[in-house]
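Undergrad: Provided herewith is a single structure, encoded as structure tokens, for subsequent inquiry.
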Amino acid sequence: MTVILEAEGVSKIYGKGENSILAVDDVSLSVRRNEMLLIMGPSGSGKTTLLSIMGCILHPTSGEVRIEGKAVTGLHEDALPDIRKQYFGFVFQAFNLFPSLRAVENVELVLRLKKTDKTGIRAEALELLKKVGLGKRSHFYPADMSGGEKQRVAFARALAGDPPIIMADEPTANLDSRTGQDVLKLLRDMSEESHKGIVIVSHDPKAEALAHRVVFLEDGRIRS
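Numbered by numbering that gives the first Met the number 0, the letters in the sequence shown go through residues 0 to 223 in order.
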């Protein structure tokens with residue numbers, strides 16, 4: 000499988016001097032297409048910080064991030080939104096849906112941000128919702144949807160623009176056990192059927208059984 004995303008020798012320090020905190024400590028990690036990679040570890044181990052660095056949301060203090068073999072760490076801050084738009088889809092535990100917009104409109108919003116050609120956006124948004132099993136719920140507002148349905152809308156939104164990498168931070172945290180299992184299976188299917196690299200941060204033990212590969216982070220370092 001082709002490596003799509005790499006972190007090499009990545010560290011992140013918050014603060015300075017005696018009050019500084021080493022959140023991520025010299026981590027090297029790669030993500031391949033067709034792979035669901037799970038990052039596990041206790042609270043405060045640096046999982047979300049590492050996900051944010053690899054997703055080009057945070058700059059590392061040291062080390063390098065590469066996408067398709069090209070370094071992105073040294074790029075100017077102004078260049079990072081375009082990198083994220085081209086390569087990444089993000090899923091967060093809080094769903095982050097706009098309550099005043101229907102499901103299809105939430106997906107359309109991301110498509111309008113990512114695509115220069117605006118024709119056919121409604122049809123594309125409907126197709127994405129159908130792909131995640133919400134074809135018949137596309138015109139519902141978030142308030143009228145279950146937690147699992149809202150997370151599926153978030154997945155459809157992450158797939159908008161067909162990014163090669165999906166980053167998911169605790170995607171099952173606000174879901175019941177059965178719904179969480181369904182969401183994890185959906186993520187695995189995305190990796191295998193859509194040839195994407197998927198990185199999940201999760202405490203959910205069910206994720207460990209479904210992931211293609213698991214790494215454990217402790218005190219900011221990968222535990223061997």
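Cβ atoms here follow ideal geometry from the backbone N, Cα and C, with glycine treated the same way.
Whose CA, out of Leu-127, Met-39, Arg-220, Gly-160, lies closest to the CA of Asp-81?
TA: For the purposes of this step, residue 81 is taken as residue 82 along the sequence shown, with counting starting at 1. Taking only the C-alpha atoms, the option nearest Asp-81 is Gly-160.
Undergrad: Could you give the distance in angstroms between the alpha-carbon of Leu-112 and the alpha-carbon of Phe-97?
TA: Position 113 of the sequence shown, counted from the first residue, corresponds to residue 112. Position 98 of the sequence shown, counted from the first residue, corresponds to residue 97. So the alpha carbons of these two residues sit roughly 15 Å apart.
Undergrad: Do Asp-187 and His-211 have their CB atoms nearer than 9 Å?
TA: Residue numbering aside, residue 187 sits at position 188 when the sequence shown is read from its first letter. Residue numbering aside, residue 211 sits at position 212 when the sequence shown is read from its first letter. A quick correction: the sequence has Arg, not Asp, at residue 187. Yes, the pair counts as a contact, with Cβ atoms nearer than the cut-off.
Undergrad: Between the Cα of Glu-34 and the Cα atoms of Glu-17, Met-0, Cys-55, which residue gives the shortest distance?
TA: Indexing the sequence shown from 1 puts residue 34 at position 35. The option with the nearest alpha carbon to Glu-34 is Met-0.
Undergrad: Which same chain residues end up closer than 6 Å to Ser-29 when comparing Cβ atoms and leaving out the 5 residues on each side of it in sequence?
TA: As a working note, residue 29 is residue 30 in the sequence shown. Contacts found: Val-2, Glu-5.
Undergrad: Taking Ile-199 and Ile-56 to be in contact with their CB atoms under 8 Å, please state how far apart those CB atoms are, rounded to whole angstroms.
TA: Sequence index remark: in the sequence shown, residue 199 carries index 200 (1-based). Sequence index remark: in the sequence shown, residue 56 carries index 57 (1-based). Not quite, the Cβ-Cβ distance comes to about 16 Å (not below 8 Å), so this is no contact.
Undergrad: Just grab the DSSP bridge partners of Ala-167 for me.
TA: Locating residue 167 in the sequence shown gives position 168, counting from the first residue. Ala-167 pairs with Val-90, Ile-199.
Undergrad: Roughly how many whole angstroms lie between the Cα atoms of Ala-70 and Ser-10?
TA: On the sequence shown, position 71 is the one that residue 70 refers to. On the sequence shown, position 11 is the one that residue 10 refers to. Between Ala-70 and Ser-10, the C-alpha separation is close to 16 Å.
Undergrad: Can you tell which of Ile-20, Leu-108, Lys-46 has its C-alpha closest to the C-alpha of Glu-217?
TA: Taking the first residue of the sequence shown as 1, we reach residue 217 at position 218. The candidate whose alpha carbon is nearest that of Glu-217 is Lys-46.
Undergrad: With DSSP as the reference, identify every bridge partner of Lys-69, one or two as the case may be.
TA: Residue mapping note: residue 69 aligns to position 70 of the sequence shown, counting from 1. DSSP lists Ile-66 as partners of Lys-69.
Undergrad: Is there contact between the segment 148-164 and the segment 93-108, where contact requires at least three CB pairs shorter than 8 Å?
TA: As far as the Cβ criterion goes, the segment 148-164 touches the segment 93-108, which means the pair count is three or higher.
Undergrad: If you measure between the beta carbons of Val-88 and Ile-20, is that distance less than 9 Å?
TA: For the purposes of this step, residue 88 is identified with residue 89 of the sequence shown, where counting begins at 1. For the purposes of this step, residue 20 is identified with residue 21 of the sequence shown, where counting begins at 1. First, the residue type needs correcting, since residue 88 is Gly and not Val in the sequence shown. Their beta carbons are not under 9 Å apart, which means Gly-88 does not touch Ile-20 by this criterion.
Undergrad: So is Ser-51 buried or exposed if we call it buried at 16+ other beta carbons inside 10 Å?
TA: As a working note, residue 51 is residue 52 in the sequence shown. Ser-51 should be labelled buried.
Undergrad: Evaluate Arg-177 with the Cβ neighbour count: other Cβ atoms within 10 Å of its Cβ, from every protein chain shown; 16 or more gives buried, anything less gives exposed.
TA: The residue labelled residue 177 in the question sits at position 178 within the sequence shown. Classification of Arg-177: exposed, given that the 10 Å Cβ count is below 16.
Undergrad: Please return the same chain residues whose Cβ sits closer than 7 Å to the Cβ of Lys-205, not counting the five positions on each side in sequence.
TA: Indexing the sequence shown from 1 puts residue 205 at position 206. Gly-179, Gln-180, Leu-183, listed in sequence order.
Undergrad: Which residues mark the beginning and the end of the beta strand (DSSP E) in which Lys-11 is found?
TA: Your numbering for residue 11 matches position 12 in the sequence shown. Unbroken beta strand (DSSP E) run through Lys-11: 2-13.
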